[in-house]
Amino acid sequence: MLPSSQAMVSRAGGSPSGLFRNNFSNAGYGTSRQNPLMGSGRLQRVSWKQQGKTGYGALEAQVGKSNQIISPAGVRCQVISVNQDNFDAEVLQSKLPVLVDFWADWCGPCKLVATSMEEVDSKYEGKLKVVKIETDPNPELVAEYKVYGLPTLIMFVDGKAVPDGRYEGAISFTKIVSMIEKCLPSLAAA
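Per full-length UniProt numbering, the very first residue in the sequence shown carries number 1; after that it's consecutive.
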(Lines of atoms letter the chains of each structure in order from A and count residues from 1; the text may use other names and numbers.)
(Lines give C-alpha, C1' and ligand atoms only; values in the text may rest on other atoms or scores of the structure.)
Protein backbone atom coordinates (compact mmCIF):
# COMPACT_ATOMS: atom_id res chain seq x y z
CA MET A 1 0.00 0.00 0.00
CA LEU A 2 1.27 3.49 -0.81
CA PRO A 3 2.04 6.09 1.86
CA SER A 4 -0.85 8.47 2.58
CA SER A 5 0.78 11.22 0.50
CA GLN A 6 1.03 9.13 -2.67
CA ALA A 7 -1.32 7.36 -5.04
CA MET A 8 -0.81 5.52 -8.31
CA VAL A 9 -3.03 6.05 -11.31
CA SER A 10 -2.66 4.90 -14.88
CA ARG A 11 -4.03 5.87 -18.26
CA ALA A 12 -7.26 3.94 -18.82
CA GLY A 13 -6.39 1.56 -21.64
CA GLY A 14 -4.37 4.18 -23.50
CA SER A 15 -7.62 6.06 -24.09
CA PRO A 16 -7.23 9.13 -26.32
CA SER A 17 -9.66 10.93 -24.00
CA GLY A 18 -6.88 11.16 -21.43
CA LEU A 19 -9.05 9.76 -18.64
CA PHE A 20 -7.26 8.19 -15.73
CA ARG A 21 -8.29 5.46 -13.34
CA ASN A 22 -7.03 4.24 -10.00
CA ASN A 23 -4.39 1.55 -10.32
CA PHE A 24 -5.04 0.11 -6.87
CA SER A 25 -7.88 -1.80 -5.28
CA ASN A 26 -10.38 -0.07 -3.06
CA ALA A 27 -9.07 -1.96 -0.03
CA GLY A 28 -7.80 0.62 2.42
CA TYR A 29 -9.17 3.51 0.36
CA GLY A 30 -12.84 3.25 1.31
CA THR A 31 -13.21 6.62 2.97
CA SER A 32 -12.25 10.07 1.77
CA ARG A 33 -10.11 10.46 4.90
CA GLN A 34 -7.88 7.67 3.64
CA ASN A 35 -7.95 8.61 -0.04
CA PRO A 36 -5.24 11.22 -0.62
CA LEU A 37 -6.80 12.40 -3.87
CA MET A 38 -10.13 13.16 -2.20
CA GLY A 39 -8.59 14.67 0.92
CA SER A 40 -10.74 16.88 3.06
CA GLY A 41 -12.27 18.67 0.08
CA ARG A 42 -9.78 21.50 0.29
CA LEU A 43 -7.88 22.48 -2.81
CA GLN A 44 -5.01 20.11 -3.44
CA ARG A 45 -1.68 20.43 -5.23
CA VAL A 46 -0.95 17.27 -7.19
CA SER A 47 2.40 16.68 -8.87
CA TRP A 48 2.40 13.95 -11.51
CA LYS A 49 5.53 11.98 -12.33
CA GLN A 50 5.65 9.59 -15.32
CA GLN A 51 6.46 5.98 -14.38
CA GLY A 52 7.13 4.05 -17.59
CA LYS A 53 6.43 4.52 -21.30
CA THR A 54 4.60 7.67 -22.31
CA GLY A 55 0.87 7.09 -22.71
CA TYR A 56 0.82 3.64 -21.12
CA GLY A 57 2.80 3.93 -17.91
CA ALA A 58 1.60 4.76 -14.46
CA LEU A 59 1.80 8.20 -12.92
CA GLU A 60 2.81 8.89 -9.33
CA ALA A 61 0.87 11.64 -7.59
CA GLN A 62 2.29 13.75 -4.77
CA VAL A 63 -0.63 15.46 -3.02
CA GLY A 64 -0.43 18.57 -0.85
CA LYS A 65 -2.27 21.77 0.07
CA SER A 66 -2.07 24.63 -2.42
CA ASN A 67 -4.07 27.31 -4.18
CA GLN A 68 -3.14 25.82 -7.54
CA ILE A 69 -4.37 22.55 -8.94
CA ILE A 70 -2.52 20.32 -11.35
CA SER A 71 -4.88 18.21 -13.40
CA PRO A 72 -4.26 14.52 -14.17
CA ALA A 73 -3.26 15.60 -17.67
CA GLY A 74 -0.43 17.64 -16.14
CA VAL A 75 -1.99 21.01 -17.03
CA ARG A 76 -1.52 23.59 -14.31
CA CYS A 77 -4.87 25.13 -13.48
CA GLN A 78 -5.04 28.62 -12.02
CA VAL A 79 -8.18 28.17 -9.91
CA ILE A 80 -7.30 30.20 -6.84
CA SER A 81 -8.80 30.59 -3.39
CA VAL A 82 -10.14 34.04 -2.62
CA ASN A 83 -11.26 35.46 0.73
CA GLN A 84 -12.59 38.73 2.12
CA ASP A 85 -9.08 40.22 2.16
CA ASN A 86 -8.24 39.69 -1.52
CA PHE A 87 -11.73 39.64 -3.09
CA ASP A 88 -11.53 43.22 -4.37
CA ALA A 89 -8.12 42.70 -6.00
CA GLU A 90 -8.83 39.26 -7.49
CA VAL A 91 -12.48 39.70 -8.54
CA LEU A 92 -13.75 43.28 -8.58
CA GLN A 93 -10.55 44.80 -10.03
CA SER A 94 -9.78 41.96 -12.45
CA LYS A 95 -9.21 42.90 -16.08
CA LEU A 96 -10.63 39.51 -17.07
CA PRO A 97 -14.18 38.28 -16.49
CA VAL A 98 -14.29 36.21 -13.28
CA LEU A 99 -16.33 33.11 -12.48
CA VAL A 100 -16.65 32.77 -8.70
CA ASP A 101 -17.47 29.43 -7.08
CA PHE A 102 -18.86 29.76 -3.54
CA TRP A 103 -18.31 26.39 -1.84
CA ALA A 104 -17.92 24.67 1.53
CA ASP A 105 -15.76 21.80 2.73
CA TRP A 106 -18.80 19.87 3.96
CA CYS A 107 -20.77 20.28 0.68
CA GLY A 108 -20.81 17.12 -1.47
CA PRO A 109 -22.11 18.81 -4.67
CA CYS A 110 -19.36 21.45 -4.28
CA LYS A 111 -16.74 18.73 -4.58
CA LEU A 112 -18.38 17.46 -7.78
CA VAL A 113 -18.45 20.96 -9.29
CA ALA A 114 -14.77 21.52 -8.41
CA THR A 115 -13.69 19.20 -11.25
CA SER A 116 -15.83 21.12 -13.73
CA MET A 117 -14.34 24.39 -12.51
CA GLU A 118 -10.85 23.06 -13.25
CA GLU A 119 -11.99 22.14 -16.77
CA VAL A 120 -13.53 25.60 -17.26
CA ASP A 121 -10.27 27.18 -16.12
CA SER A 122 -8.31 25.13 -18.66
CA LYS A 123 -10.78 25.78 -21.49
CA TYR A 124 -10.81 29.57 -21.03
CA GLU A 125 -7.20 30.03 -19.89
CA GLY A 126 -6.17 33.66 -20.32
CA LYS A 127 -9.75 34.71 -21.17
CA LEU A 128 -11.57 34.01 -17.91
CA LYS A 129 -10.38 33.89 -14.31
CA VAL A 130 -11.86 31.15 -12.11
CA VAL A 131 -11.80 31.58 -8.33
CA LYS A 132 -13.19 29.71 -5.33
CA ILE A 133 -14.48 31.24 -2.11
CA GLU A 134 -14.97 28.99 0.90
CA THR A 135 -18.19 30.22 2.51
CA ASP A 136 -17.66 29.32 6.17
CA PRO A 137 -14.68 31.66 6.80
CA ASN A 138 -16.13 34.42 4.56
CA PRO A 139 -19.66 35.19 5.85
CA GLU A 140 -19.44 38.85 4.74
CA LEU A 141 -19.10 37.84 1.07
CA VAL A 142 -21.84 35.22 1.47
CA ALA A 143 -24.22 37.88 2.82
CA GLU A 144 -23.20 40.55 0.30
CA TYR A 145 -23.80 38.28 -2.70
CA LYS A 146 -26.85 36.55 -1.19
CA VAL A 147 -25.47 33.03 -1.36
CA TYR A 148 -28.33 30.84 -0.10
CA GLY A 149 -27.41 27.48 -1.64
CA LEU A 150 -24.17 25.69 -2.40
CA PRO A 151 -22.41 25.59 -4.67
CA THR A 152 -23.21 29.03 -6.07
CA LEU A 153 -21.51 30.28 -9.22
CA ILE A 154 -21.53 34.01 -10.00
CA MET A 155 -20.02 35.64 -13.10
CA PHE A 156 -18.39 39.07 -12.68
CA VAL A 157 -17.42 41.47 -15.47
CA ASP A 158 -15.84 44.87 -14.78
CA GLY A 159 -16.37 44.40 -11.05
CA LYS A 160 -20.11 43.72 -11.25
CA ALA A 161 -22.18 40.55 -11.07
CA VAL A 162 -23.60 39.75 -14.52
CA PRO A 163 -27.38 39.39 -14.89
CA ASP A 164 -28.19 35.74 -15.71
CA GLY A 165 -24.64 34.86 -14.62
CA ARG A 166 -25.65 33.07 -11.44
CA TYR A 167 -26.36 29.41 -10.74
CA GLU A 168 -27.05 27.60 -7.46
CA GLY A 169 -26.65 23.86 -6.99
CA ALA A 170 -24.73 21.08 -8.71
CA ILE A 171 -24.03 21.87 -12.35
CA SER A 172 -22.25 20.03 -15.15
CA PHE A 173 -19.29 21.32 -17.14
CA THR A 174 -21.54 21.65 -20.23
CA LYS A 175 -24.06 23.80 -18.36
CA ILE A 176 -21.31 26.00 -16.92
CA VAL A 177 -19.96 26.55 -20.44
CA SER A 178 -23.48 27.41 -21.67
CA MET A 179 -23.89 29.96 -18.86
CA ILE A 180 -20.48 31.51 -19.63
CA GLU A 181 -21.21 31.76 -23.35
CA LYS A 182 -24.65 33.26 -22.68
CA CYS A 183 -23.12 35.92 -20.41
CA LEU A 184 -19.99 36.45 -22.51
CA PRO A 185 -20.73 35.78 -26.19
CA SER A 186 -17.14 36.74 -27.07
CA LEU A 187 -15.98 33.51 -25.37
CA ALA A 188 -18.34 31.28 -27.39
CA ALA A 189 -15.61 30.61 -29.96
CA ALA A 190 -13.06 29.69 -27.27
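Every residue gets a Cβ at the ideal spot worked out from N, C-alpha and C, and that includes glycine.
In this text, all values refer to a predicted model and were calculated from it rather than measured experimentally.
Contact between Phe102 and Val147 is confirmed by a C-beta separation of about 5 Å, below the 8 Å threshold.
Contact check for Ser172 against Ser122 fails: the beta carbons are separated by 8 Å or more. At the C-beta level, Leu96 and Ile180 stay beyond 8 Å of one another. DSSP places Glu134 in no alpha helix (DSSP H) but in the uninterrupted beta strand (DSSP E) bounded by Lys129 to Glu134. Looking only at Pro137, Glu144, Pro139 and Cys183, the smallest Cα-Cα distance to Phe156 is reached by Cys183. Nearest C-alpha to Asp85 among Pro137, Ala161, Ala170 and Ile154: Pro137. Gly126 has its alpha-carbon roughly 23 Å from the corresponding atom of Tyr167.
Look at Ile154 here: in three-state DSSP terms it is strand. In this structure, Val130 places its C-beta atom within 8 Å of the C-beta atom of Val120.
Annotation for Glu119: the continuous alpha helix (DSSP H) segment containing it runs Gly108 to Lys123. Counting C-beta atoms within 10 angstroms of its own C-beta, Ala188 has fewer than 16 neighbours from the protein chains shown and is therefore classed as exposed.
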